[in-house]
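First the structure, in the form of structure tokens, and then the observations on it.
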Amino acid sequence: MSDAAQAPAQPHLYLVDGSSYIFRAYHRLPPLTNRHGQPAGAVYGYTTMLWKLADGLSKADGPTHMAVILDASEQTHRNRMYDQYKAHRPPPPEDLVPQFPLIRVATRAFSIPCIEEDGLEADDIIACYVAAAKSAGWKVTIVSSDKDLMQLIDEDAGIDMLDTMNDRRIGREQVLEKFGVPPEKVGEVLALMGDSVDNVPGVPGIGPKTASQLIQQFGDLETVLGSTDQITKPKLKQSLIDHADNARLSRELVRLVCDAPLPEPLDGLVLKNIPKEPLEEFLADQGFKSLLNRLHGGGVQQTGATVRNDVMAAMDAKSPAAPITEKIDVDRSKYETIIDEPSLDRWIAEARAQGYVALDTETDCINCIIARLAGISLATAPNRACYIPVGHIGGDLLSDAPQQLPESLVLEKLKPLLEDPAVIKIGHNFKYDWVMFDKAGTDVAPVDDTMVMSFDLDAGKSFGHGLEELAKAHFDHECIPFKQLCGTGSKQITFDKVQLGPATEYAGEDADITLRLWLWLKPRIAAEGATQVYERVDKPLVPVIGRMERRGVKVDRDYLARLSSEFGRDIQSLEEKIYEAACGPFTIGSPQQLGEVLYGRLGLKGGRKGKSGQYSTDVNELERLAGEGVQCASLVLEWRQLTKLKSTYTDALQAQINPQTGRVHTSFSLTGAQTGRLSSNDPNLQNIPIRTEIGRKIRDAFIADEGYKLLSADYSQIELRLAAQMADVPQLKEAFRNGVDIHSLTAEELFGRVDRDRRNQAKTINFAILYGSSAWGIAGRLGLPKDEGKAIIDRYYERFPGIRAFTHSTLSFVREHGFTRTLFGRRTHFLPNIRSPNPSIRAGAERAAINAPIQGTSADLIKRAMARMDDALREAGLGDVRMLLQVHDELVFEVPNGREEEAKAVIKKVMASAAEPAIRLDVPLDVEVGWGAHWGEAH
DNA sequence: CCAATCCCATA
DNA sequence: GTATGGGATTGGA
712 MSDAAQAPAQ
722 PHLYLVDGSS
732 YIFRAYHRLP
742 PLTNRHGQPA
752 GAVYGYTTML
762 WKLADGLSKA
772 DGPTHMAVIL
782 DASEQTHRNR
792 MYDQYKAHRP
802 PPPEDLVPQF
812 PLIRVATRAF
822 SIPCIEEDGL
832 EADDIIACYV
842 AAAKSAGWKV
852 TIVSSDKDLM
862 QLIDEDAGID
872 MLDTMNDRRI
882 GREQVLEKFG
892 VPPEKVGEVL
902 ALMGDSVDNV
912 PGVPGIGPKT
922 ASQLIQQFGD
932 LETVLGSTDQ
942 ITKPKLKQSL
952 IDHADNARLS
962 RELVRLVCDA
972 PLPEPLDGLV
982 LKNIPKEPLE
992 EFLADQGFKS
1002 LLNRLHGGGV
1012 QQTGATVRND
1022 VMAAMDAKSP
1032 AAPITEKIDV
1042 DRSKYETIID
1052 EPSLDRWIAE
1062 ARAQGYVALD
1072 TETDCINCII
1082 ARLAGISLAT
1092 APNRACYIPV
1102 GHIGGDLLSD
1112 APQQLPESLV
1122 LEKLKPLLED
1132 PAVIKIGHNF
1142 KYDWVMFDKA
1152 GTDVAPVDDT
1162 MVMSFDLDAG
1172 KSFGHGLEEL
1182 AKAHFDHECI
1192 PFKQLCGTGS
1202 KQITFDKVQL
1212 GPATEYAGED
1222 ADITLRLWLW
1232 LKPRIAAEGA
1242 TQVYERVDKP
1252 LVPVIGRMER
1262 RGVKVDRDYL
1272 ARLSSEFGRD
1282 IQSLEEKIYE
1292 AACGPFTIGS
1302 PQQLGEVLYG
1312 RLGLKGGRKG
1322 KSGQYSTDVN
1332 ELERLAGEGV
1342 QCASLVLEWR
1352 QLTKLKSTYT
1362 DALQAQINPQ
1372 TGRVHTSFSL
1382 TGAQTGRLSS
1392 NDPNLQNIPI
1402 RTEIGRKIRD
1412 AFIADEGYKL
1422 LSADYSQIEL
1432 RLAAQMADVP
1442 QLKEAFRNGV
1452 DIHSLTAEEL
1462 FGRVDRDRRN
1472 QAKTINFAIL
1482 YGSSAWGIAG
1492 RLGLPKDEGK
1502 AIIDRYYERF
1512 PGIRAFTHST
1522 LSFVREHGFT
1532 RTLFGRRTHF
1542 LPNIRSPNPS
1552 IRAGAERAAI
1562 NAPIQGTSAD
1572 LIKRAMARMD
1582 DALREAGLGD
1592 VRMLLQVHDE
1602 LVFEVPNGRE
1612 EEAKAVIKKV
1622 MASAAEPAIR
1632 LDVPLDVEVG
1642 WGAHWGEAH
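FYI, in the numbering used here the residues of the first sequence are 712 to 1650.
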């Protein structure tokens, strides 16, 4: 492409895929209504999108020509090719139907041409315009995220796509990322994988991954079909042979028509200044006030706010729209490497003057307990970042360490800044950095943690909370991948061996992005009601958890080793018995082989096959067989238990003991569970066995330091108590106040009498309620026919009408707003699944949505207790008591001998009053406390 | 060496 | 039926 063709005079056509946009907008945006009370959420989203696009008229690379393309008719040439095409597509939701005509009205209001043509789908019309514009030498941007249209991308010819929903440009590189093949090969991949929504058959067993891999290997569909002899997987090969015709048909179905006559000539699509009157009339008619204000205020020229923010503003006029921040591209070349004192002093002064600074520590290891510092990066403004190396060494034996300031000097100079109460220190996953500085004797405060902020705002959304992922989601920015610096696998190097140049770009970017995230997220915390949960619950927990991780818990290595060999012997002898019962050896640990042995070799009946065609051999199945007297099944069950205990616990735990401290230091994740719970990893100390006697032995390996005891305090039935509170069930609340056994009470209400079986059934049902289970699910769990399950749940609702009301109101709230809330305001998001057209996905989201407020409130409570615990203990003169672990409803402490009763009183008080003063509960929170030489004894 | 799958430990 | 993390096997890079 010549320079002349890229001159500003080159026309740039924007083709808006209106039909697909409105579907996606419907599922992604809240169900707003317009001034007439008609559903208009999708129309609103569509209007703001057109606004933004049209607004680019005068901008560089903005549209000079524009058209909206719609689907006109149901019947197209594809139906003639294949009568099943789009045959199973469900009808559009009923509150979307009335919005279709409004799309044309909205488009006319902008005075933009709206193009549809009988017998052609929108995709085809777009393809025709792309072809015409391409030969005329125009640039084209297709505004859509439809994967079928990605076939048309041709960056050399200036043809790309724009996904306004995610504010993302799609070019060759993005297509490669998604499909593993360039745009011109996308049709080949689509043909193989098929499309269940449009009912394009594809080849069974081939999904996106395999399709992409095959096309990468063979180039196109025909070559794949002609090369089946080179395909090693037998199932895949057969499927390709059997369904070759379907694959060829699919290839034609996904091929876009690009040579039909244009309904409107290219020149007719020129974008002129948009007359104000029709637009004003439309916005006023619909009652889109925030847009109307913008039309009257800054006019169409004002930009910056996203569609999402407009919707927030439309939903609640009081909530301020997010600040309009101009996007500044990340420029890593602006970052400085600090290797002299005056420069360091300058940065410290700058941070102090500013009042906030983002920082990130780089180390040689992801485990912060044993990690050594490599360097520290700071950022004070977008693109204004520096990296201070302190622990870099040469990349290999021959090279010397680079010149850098001594670690002790840097830490000494930074300490006053890091401890300055007037300067906010911002980190991403700040727990890690906090531990690094704590090890150096610096108590960093005050802090903000952008990872926790993201979690408190966006838990449950489609993106996680890692720095790179958030950079992508919020700024459409790709961070330097860590493996690009350090490699991967066995050739991976540690960060302290990275050259200072690349290290500065990487570390500076981390601090830079962290700062940008803070600027972006901080205003949202208050605007979206997350202040209570962030400021009072999660933020204060960052150093608390950091301290717990540093303390670790003492583990008796010799005892674990003895258990390991004991288990090992038992496993051996079980294996011999199993081989005997199975008439020959096999890999017991392989579910595949075990299934073959049980249902093949031994010829047992009743095997359940799962979706992969493999026999299920889980506990339920094996227990069923064992109950029928199958020796082999009960032996395998025992073998499974012992191998699980040995590999996951006795062996793995020994390996996790830190040689310096003789203790195990887990890592708690503050953002691991969508409901607000913590999670624990490396090792996971939240799933140490307790239910079986033999598993319980593992708990005895957790011991107290010399002169201390382990104390365990746990909330009794906290989730049921919270359910009784939140659903407002008088009998249940009363029972909890009087210390009545709750499952017996439920059995009495449901069955009119109480015995062991009925109490157990009632217990199952009580839990099923917490988990949002259906009548069908309860019946399955209790082993009853479906109608009896339904009868039981009806009776439950009849006896406890509050539960039904709670379920109902939780679901209608989440359907409307897309999120649930705990008593303390923590939100968990459930879009898009809560509105999924797929009933099983939707039902899954509904169960999770019923559980989330209860599980989440329980998580909030114990977190509030934890945040207050250290101060309360210190005030009681129990500064020596160490909080070590949290297991969702339990806290484990190390308490000096003789102080157990005192500690018990304080801990119980803090935990029982954790809701106060924010919330007044009508149900007491019971806390059970025990202690002993080891964890097993403390229960 | 990596991922998908199955199974299983906890609350 | 909810929420997690992790080990072993398997099959293909």
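In this text, a Cβ means the ideal position worked out from N, Cα and C, and glycines have one as well.
Under 8 Å by Cβ, that's how I've got residue i and residue j pegged, so tell me the actual separation to the nearest angstrom.
| i | j | result |
| --- | --- | --- |
| residue 1264 | residue 1447 | No, residue 1264 and residue 1447 are not in contact; Cβ-Cβ is about 32 Å, not under 8 Å. |
| residue 1102 | residue 1082 | With 8 Å as the limit, residue 1102 and residue 1082 do not qualify as a contact, their Cβ atoms being about 10 Å apart. |
| residue 1093 | residue 1227 | 6 Å |
| residue 909 | residue 796 | 7 Å |
| residue 1044 | residue 1222 | Residue 1044 to residue 1222, Cβ: 15 Å. No contact. |
For residue i, does the three-state DSSP call read helix, strand or coil?
| i | result |
| --- | --- |
| residue 1013 | Note that residue 1013 has pLDDT 35, beneath the 50 cutoff, so the model's placement of it is unreliable and no number is given. |
| residue 712 | Residue placement at residue 712 is poorly supported in this model, since its pLDDT is 46, which falls under 50; the coordinates still yield a value, given next. Reduced to three states, the DSSP call for residue 712 is coil. |
| residue 1508 | helix |
| residue 777 | strand |
| residue 1471 | helix |
| residue 1574 | helix |
| residue 1202 | helix |
| residue 1174 | coil |
| residue 1531 | strand |
| residue 1197 | helix |
| residue 1642 | strand |
| residue 1021 | Low per-residue confidence applies at residue 1021: pLDDT is 37, beneath 50, and the placement is therefore not dependable enough to give any value. |
| residue 738 | helix |
| residue 825 | strand |
| residue 1567 | helix |
| residue 1094 | coil |
| residue 1185 | helix |
| residue 1247 | helix |
Judging by CA-CA distance, which residue of the options is the nearest neighbour of residue i?
| i | options | result |
| --- | --- | --- |
| residue 1068 | 1129, 1555 and 1052 | 1129 |
| residue 1489 | 1481, 1482 and 1500 | 1500 |
| residue 1621 | 1590, 1584 and 919 | 1584 |
| residue 1149 | 1647, 1281 and 1080 | 1080 |
| residue 1440 | 1513, 1377 and 1474 | 1513 |
| residue 898 | 931, 1561 and 884 | 931 |
| residue 1570 | 986, 1537, 1548 and 1586 | 1537 |
| residue 1214 | 1230, 1229, 1193 and 1431 | 1193 |
| residue 1416 | 1307, 1604, 1394 and 1370 | 1604 |
| residue 727 | 766, 1401, 872 and 829 | 872 |
| residue 1162 | 1380, 1293, 1064 and 1373 | 1380 |
| residue 1401 | 1598, 1457 and 1625 | 1598 |
| residue 1450 | 1564, 1427 and 1458 | 1427 |
| residue 777 | 1316, 747, 1251 and 825 | 825 |
| residue 1394 | 1596, 918, 1239 and 1457 | 1596 |
| residue 1359 | 1399, 1390 and 1221 | 1399 |
Quick one: what's got a C-beta closer than 7 Å to residue i's C-beta in the same chain, skipping five residues either side?
| i | result |
| --- | --- |
| residue 1515 | 1508 |
| residue 1173 | none |
| residue 809 | 749 and 750 |
Sorted by chain position, which residues of the same chain lie with C-beta nearer than 6 Å to residue i's C-beta, five sequence neighbours on each side aside?
| i | result |
| --- | --- |
| residue 1646 | 1410, 1413 and 1421 |
| residue 891 | 923 and 927 |
| residue 1483 | 1558, 1561 and 1562 |
| residue 1179 | 1190 |
| residue 1591 | 1607 |
| residue 1318 | 1310 and 1326 |
Near residue i, what residues of its chain come up, given a Cβ to Cβ distance below 8 Å and the 5 sequence neighbours on each side ignored?
| i | result |
| --- | --- |
| residue 992 | 820 |
| residue 661 | Shown here, the chain extends from 712 to 1650; a query on residue 661 therefore has no answer. |
| residue 1643 | 1420, 1421 and 1649 |
* Please list the segments of the beta strand (DSSP E) lying wholly inside the segment 1337-1387, counting only runs of 3 or more residues, in order along the chain. => Counting whole runs of 3 or more residues, the segment 1337-1387 contains the beta strand (DSSP E) stretches 1378-1380.
* 3 or more residues per run - each beta strand (DSSP E) lying fully within the segment 856-886 -> Counting only runs of at least 3 residues, the segment 856-886 fully encloses the following beta strand (DSSP E) elements, listed from N- to C-terminal order: 870-874 and 879-881.
* To do: Please specify which runs of the alpha helix (DSSP H), each continuous and at least 4 residues long, are wholly inside the segment 1407-1495, giving them in chain order.
  => List check, alpha helix (DSSP H) in window: 1429-1437, 1441-1448, 1453-1462, 1467-1481 and 1486-1493.
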